[in-house]
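Residue numbers (full-length UniProt numbering): 1 to 118.
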């Protein structure tokens, strides 16, 4: 069982995805109308996912690979045989961070992302 990240050329498989969190913007607009108690409403489709991925890496080399693929210019694909609803096309946004646990010599990479359509 694994999660795979690819840019179409390079494939990276983090040891474990520790956290996959996301939000979707509702995008519905409520318009207050003068002299009316009920508003006008503009319904729009819900936005795509934005959130954070936190990935555990057993080695520094793997952590560097995970960081590097997220620094690439272009679309990334995430596929997971553990959680198929996590599958998406996305781009890195915001911050790409890395932390080291010296006691266990393990790495964690955190990436802000936005889902996109291919």
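For every residue, glycine included, the Cβ atom is placed at its ideal position computed from N, Cα and C.
*Count the other CB atoms within 10 Å of the CB of residue 25; is the residue buried (16 or more) or exposed (fewer)?*
For this step, residue 25 is matched to residue 25 along the chain shown. Residue 25 is exposed by the Cβ-count criterion.
*If we ignore side chains and look at the alpha-carbon of each, how far apart do residue 39 and residue 23 end up?*
Counted from its first residue, the chain shown places residue 39 at position 39. Counted from its first residue, the chain shown places residue 23 at position 23. Between residue 39 and residue 23, the C-alpha separation is close to 26 Å.
*Within its chain, find whatever has a CB closer than 8 Å to the CB of residue 29; leave out the 5 residues flanking it on each side and keep chain order.*
For this step, residue 29 is matched to residue 29 along the chain shown. Cβ within range, chain order: 41, 42, 44.
*asked:* So if DSSP puts residue 70 in a beta bridge, which residue, or which two residues, is it bridged to?
replied: Here the question's residue 70 lines up with position 70 in the chain shown. In DSSP, residue 70 forms no bridge with anything.
*Can you tell me the Cα-Cα spacing of residue 105 and residue 99, whole angstroms?*
Position 105 of the chain shown, counted from the first residue, corresponds to residue 105. Position 99 of the chain shown, counted from the first residue, corresponds to residue 99. Spanning the two alpha carbons is a distance of roughly 10 Å.
*Measuring CA to CA, which of 19, 110, 47, 61 is closest to residue 119?*
A query on residue 119 cannot be resolved here, the shown segment of the chain reaching from 1 to 118 and no further.
_Along the chain, where does the beta strand (DSSP E) containing residue 30 start, and where does it finish?_
Taking the chain shown and counting its residues from 1, one reaches residue 30 at position 30. Where residue 30 is concerned, the enclosing beta strand (DSSP E) stretches over 29 to 31.
*Tell me whether residue 116 sits in a helix, a strand or coil according to DSSP, three-state version.*
Counting from 1 along the chain shown, the entry for residue 116 is found at position 116. Of the three classes helix, strand and coil, the one that applies to residue 116 here is coil, per DSSP.
*asked:* So for residue 64, helix, strand or coil by DSSP?
replied: Numbered from its first residue, the chain shown carries residue 64 at position 64. Residue 64: helix per DSSP, three-state reduction.
*Ordered along the chain, which non-local residues of its own chain (more than five positions away) have a Cβ less than 7 Å from that of residue 10?*
The sequence position of residue 10 within the chain shown is 10, counting from 1. The answer, listed in chain order, is 69.
*asked:* Could you check whether the stretch 55 to 64 touches the stretch 74 to 91, counting it as contact only if at least three pairs of C-beta atoms, one from each stretch, sit closer than 8 Å?
replied: Because the criterion of three Cβ pairs below 8 Å is not met, the stretch 55 to 64 and the stretch 74 to 91 do not touch.
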